[in-house]
Every structure is written in C-alpha cells, then in structure tokens.
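Everything in the sequence shown is counted per my numbering, starting at 1395 for the first residue and increasing by one.
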Amino acid sequence: MAGHSKWANIQHRKNRQDEKRGKLFTRVIREITVAAKLGGGDPGTNPRLRLAMDKASDANIPKDRVHNAIQKGVGGLDGVNYEQIRYEGYGIGGAAIIVDCLTDNRTRTVAEVRHALSKNGGNLGTDGSVAFLFRHCGQFLFTPGTSEEKVMEVALDAGADDVITDDEGGLEVLCAPADFQAVRQALEAAGLKAEVAGITMKPATETVFTGDDAGRMQKLLDALENLDDVQEVYSNAVFDEARA
C-alpha cells in the first residue's frame, strides 16, 4: 500500500517493544502459566505452551522462571488464577482494535480498557464488532531479499496456506494456527529465519495514519499496551514512513 513501509512499521513496533522489555517478561510468564493450566505442562503436546516458551527464549527469560510459571499453571505452585478476555473497539477514525487480556479481575480490566480508549479518542465496542475484520492465523515475515522460491517450497510443503510477496520484496507466510509449529520448524530447518513469527490477528484491510492522527493513534495503542492486564493489542492501523 502506498504511503507506508511494512518493514519500517515492523521495526517501529519492535523498537517500542524493546522499550517495554520488563512488561514483556511479565506478559510471557503469565502466558506460560495460563497455557500450562489449559493444556498441560508438556510443550510437546501443548502448542500454546511451546509458542510461549519460544517467546521466553527469544526474550532471554531465565529457565527457572519459565519452569516456575509452568508449575504454577499445572498446580505445582500457588499462583493467581487468570482468565482470558477479549475486548473489541475503535480508535481514531474508526480504526479497528482488538485487545487480548489475562486477568484475575474482570471488572478492573474492562474499566481500564474502556478508560484508555475513551481518554485517547477511541471507544469500546461489543463482542464481534471488529473481529470479523481480522484473520486468526500463523504469520511469518521475511525481509526483502529472501529467496521467494525457497520460502514457498518449504512453507507450502509444511502446510502453509499462502506465501505473499509485497511491493518491497518482503515475503509473508500464512498458515492455520494449528500448523504454526510445523511450518516454523520446517522453515528454520531450511535455514530460513523469519523477522517476525507468531500467531496473530491479521487485519483484512489496513488504515494508514499520517500527521497528527498518526500520533494520536499511536498514543492510544500505547495506552492500551501499557495496561497490566493486556497481553496483545491488534489493530488495522499502520503508520506512514515519517512516523515509523
């Protein structure tokens, strides 16, 4: 899409995540605990736990903290009982937003999400109000210059649904969430390391923000991401290269 660079936006998001590294640790540990509680403590049979442990490895979280989080999840240690909640809403200009939370207090969390949205020019929607604009999928992004032929061959053989080339020469591999680990393992075994890899909510269309609106939308997203109970924030907002 004209007006913004996907790779500039990716780097922009990564830089902002690095600035919030302490928050990332807390989120990953919480996700490990919940994944272990729901699917057991064996990452070999629990794909959600395997993905959370991979995130912990990427973030250099100590192994003892990961182990303790798993033990809390399976009942080996006392811990807080978290529940998953998803909120949907709108940002500047009606941009779609999904907020995934893990919380031990639903009343507190919805109040905080609603306040962050309304204070920054957005509003909370109802269940299903924007989710239909997103696809739940596994996603791998490869920087421009990566061999399209090799990525396509390996990814499709491993069960990926699609390989898309963008205008900048970058590659995007999409798969069903259940196939994410198989596709990831096949790509890495072939020496193909994605710039971004994860299970996400991918927007069907994007809203490009420029100027003052870009600043306002980024401030709103930051306010949501800074909430203690928020795990992930998804949006169809992208920013022009000057902002990214």
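Where a beta carbon is used, it is the ideal one built from N, C-alpha and C, also for glycine. A quick note: this is a predicted structure, and the numbers were derived from the prediction, not measured.
Legend entry - Environment of Pro1597 [buried if 16+ CB atoms lie within 10 Å]: buried
Inset, instruction - Closer than 7 angstroms by C-beta to Glu1562: which residues in its own chain qualify, once you throw out the five before and the five after it? Chain order, please. - result: Ser1399, Lys1400, Trp1401 and Pro1538
Legend entry - Coarse secondary structure for Thr1497, derived from DSSP in three states: Thr1497: strand per DSSP, three-state reduction.
Legend entry - Proximal residues to Thr1604 (C-beta, below 6 angstroms), its chain only, five neighbours per side dropped: Cβ within range, chain order: Asp1634.
Legend entry - Ala1453 - DSSP class collapsed to helix/strand/coil: Ala1453 falls in the coil class under three-state DSSP.
Legend entry - Exposure label - Val1474; buried when at least 16 CB within 10 Å: exposed
Legend entry - Alpha-carbon to alpha-carbon, Met1546 and Val1426: Checking the displayed sequence, the identity of residue 1426 turns out to be Ile instead of Val. Going by the C-alpha atoms only, they are around 31 angstroms apart.
Inset, instruction - Tell me whether Ala1446 is buried or exposed, calling it buried when 16 or more other Cβ atoms sit within 10 Å of its Cβ. - result: Taking all protein chains in view, the Cβ of Ala1446 is crowded by 16 or more other Cβ atoms within 10 Å, so the residue is classified as buried.
Legend entry - Nearest residue (CA-CA) to Gly1434, options Arg1424, Lys1449, Asp1458 and Ile1464: Ile1464
Legend entry - Three-state class that DSSP yields for Pro1538 in the structure shown: coil
Legend entry - Straight-line gap, Gly1488 to Leu1518 (C-alpha atoms, nearest Å): 11 angstroms
Inset, instruction - State the DSSP-derived secondary structure class of Leu1568, mapped to helix, strand or coil. - result: Look at Leu1568 here: in three-state DSSP terms it is strand.
Inset, instruction - Tell me, to the nearest whole angstrom, how far the beta carbon of Leu1565 is from that of Thr1559; I am working on the premise that it is less than 8 angstroms. - result: About 6 angstroms separates the beta carbon of Leu1565 from that of Thr1559, a gap short enough to meet the 8 angstroms contact definition.
Legend entry - Top-ranked residue by Cα proximity to Leu1527, from Thr1601, Asp1606 and Lys1431: Thr1601
Legend entry - Start-to-end residues for the beta strand (DSSP E) that takes in Gly1483: Glu1477 to Tyr1484
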